[in-house]
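Report on one structure; see the data block that follows.
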Amino acid sequence: MLDNLLSLDNISFLLVFIEGFLSFLSPCVIPLIPIYMSYLAGNAKQTDEEGRITYKQTAVFIHTIFFVLGISFAFFLLGMTFTALGTFFKTNQLLFTRIGGILIIALGLYQVGLLDIKFLHKERKLRLNLINRQMNPLAAFIMGFTFSFAWTPCVGPALSSVLILASGAKSSLIGNLLVLIYAVGFIIPFLLLGLFTSQVLNFLKSKQKLLKYTVKIGGVILILIGIMTFTGWMNGISKYLNKISQPLGSKQEEQNEDTISDKEISKDDNSNDDNSPNNTSEEKEKFPAIDFTLKDQYGNEHTLSDYKGKVVFLNFWATWCNPCLREMPDIEKIYKQYGKNQEEVIILAVANPSSDEYPNNADVSKDEIIAFLDENGYTFPVVFDETGNLLSEYLISAFPTTFLIDKEGNISGYAPGMLTKDMMDNVIEQTLNSTQ
């Protein structure tokens, strides 16, 4: 089992680890290291007889451990696709992001000294004094959890690719192991910093003039990150980074192909066993697809509930997504193969164009998407989720993602990652047969 788990034919665990380490080097993290370490040092500061300032290494390291546990906890929540807790956090990600943005802004205001304003003087007991008095393992954990929601969009390309692999892994063990390896790669630099806190902070202490300005600059950066996190500007950064970054490339696509093929084989085997208890429970458990009404590139309106009695192949994609571009010719083929939406199979794609009102959506403008479809000769209908509400309701965290909806309007299954033509035919036929 261990040999199978670590097989490079399945997944490059080393590559995932490297992605985690490189995520640490993102512009959201590196400039603020002195601030993180100052907060984590907290009440561990001590002065020896000669007046030299040191920090209790054990206390700082414990705070750092809880800080990185908070980060890891957030990463695992994002990967918990099939649990109620994971769904809750993904559904309410906007709320947590905005709360995190407010807390980060508060830390930034404190850092630049703007919290000592008159209307707060009556509430001195509530002043943020994390550096000298209030740091403890719980506070460090909350701090790591909070900051991870700010970092997630900035490290989105790498993290999203890992989450795709995790959600499509052959077992929950491998999926969780992937997220763990990514988290380890991301947090090891923090742990190393925790071991050398005294040296780092004493160096900065010896550079008082430099520190005077870097602390203020760090505070301004915190405020900017908080504002960007709260308003959603960070999602715009993620969109542009995704255009130029496909870190797992073909390995990701190959893994998705292997994974989905094995799952389909497994489904076929189970379907032959009418007395299977697992089969019985699956038949009882149905998840109605979320209804929507959107217009396509031709101006035609599509309402999902109107297609009851037919199988719907619903594909979420983006123009910058290489796996999406590789599967689109096959989507065009199945669109024509199954009667151009005039028979019992409906092919629908969903794009999330940006606009003046929604500049941080996942893709380029609506006109650019239409031009892209025309240039490449794609005729299947692509509806436009111009607000991003549909992506949020379907918990889309990566492209491409495909949903199969049966004739009764229930979600038959979904596949994160690229599908081949054979896979598309297979899942469509299975969905057709499931309600006959």
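Per full-length UniProt numbering, the sequence shown runs over residues 1 to 436. Glycine included, every Cβ here is placed at the ideal spot set by N, Cα and C. Only a predicted model underlies this, so the values are computations on that prediction, with no experimental measurement involved.
Every unbroken beta strand (DSSP E) inside the UniProt domain "Thioredoxin" (283-433) [3 residues or more]: 293-295, 301-303, 311-316, 345-351, 363-365, 382-384, 401-405, 411-416
What do you reckon, are the CB atoms on residue 185 and residue 17 nearer than 7 Å? yes
Please determine, among 340, 331, 320, 348, the residue with the shortest C-alpha to C-alpha distance to residue 303. 348
DSSP three-state call for residue 114: helix, strand or coil? coil
Rounding to the nearest angstrom, what Cα-Cα distance links residue 291 and residue 408 in this structure? 13 Å
Taking three-plus beta-carbon pairs below 8 Å as touching, is the stretch 345-365 in contact with the stretch 378-387? yes
Does DSSP put residue 145 in a helix, a strand or coil? helix
Got a sec? Which residues, its chain only, sit under 7 Å from residue 396 by beta carbon, not counting five neighbours each side? 316
Quick one: is residue 64 buried, meaning 16 or more other Cβ sit within 10 Å of its Cβ, or exposed? buried
Cα separation between residue 346 and residue 20? 39 Å
Roughly how many angstroms separate the alpha carbons of residue 318 and residue 59, rounded to a whole number? 46 Å
Compute the Euclidean distance between the alpha carbons of residue 344 and residue 183, then round it to the nearest angstrom. 44 Å
Could you tell me the distance, in whole angstroms, from the CA atom of residue 190 to the CA atom of residue 68? 7 Å
Which listed residue (99, 426, 305, 417) has its alpha carbon closest to that of residue 398: 417
Identify which residue in 324, 102, 192, 322 has its Cα closest to the Cα of residue 223. 102
Rank 187, 423, 382 by C-alpha distance to the C-alpha of residue 298 and give the top, closest one. 382
Considering only C-alpha positions, which residue in the set 365, 351, 138 is nearest to residue 392? 351
Among 368, 336, 227, which has the Cα closest to the Cα of residue 106? 227
Inter-residue CB distance, residue 179 and residue 76 (contact presumed, cutoff 8 Å): 6 Å
So, for residue 195: in the same chain, excluding its five sequence neighbours on each side, which residues have a beta-carbon less than 7 Å away from its beta-carbon? 61
Leaving out the 5 sequence neighbours to the left and right, which residues in its chain are closer than 8 Å to residue 66 when beta-carbon positions are compared? 137, 138, 140, 141, 144
Going by C-alpha to C-alpha distance, which of 394, 414, 410 sits closest to residue 403? 414
CB residue 410 to CB residue 286, shorter than 7 Å? yes
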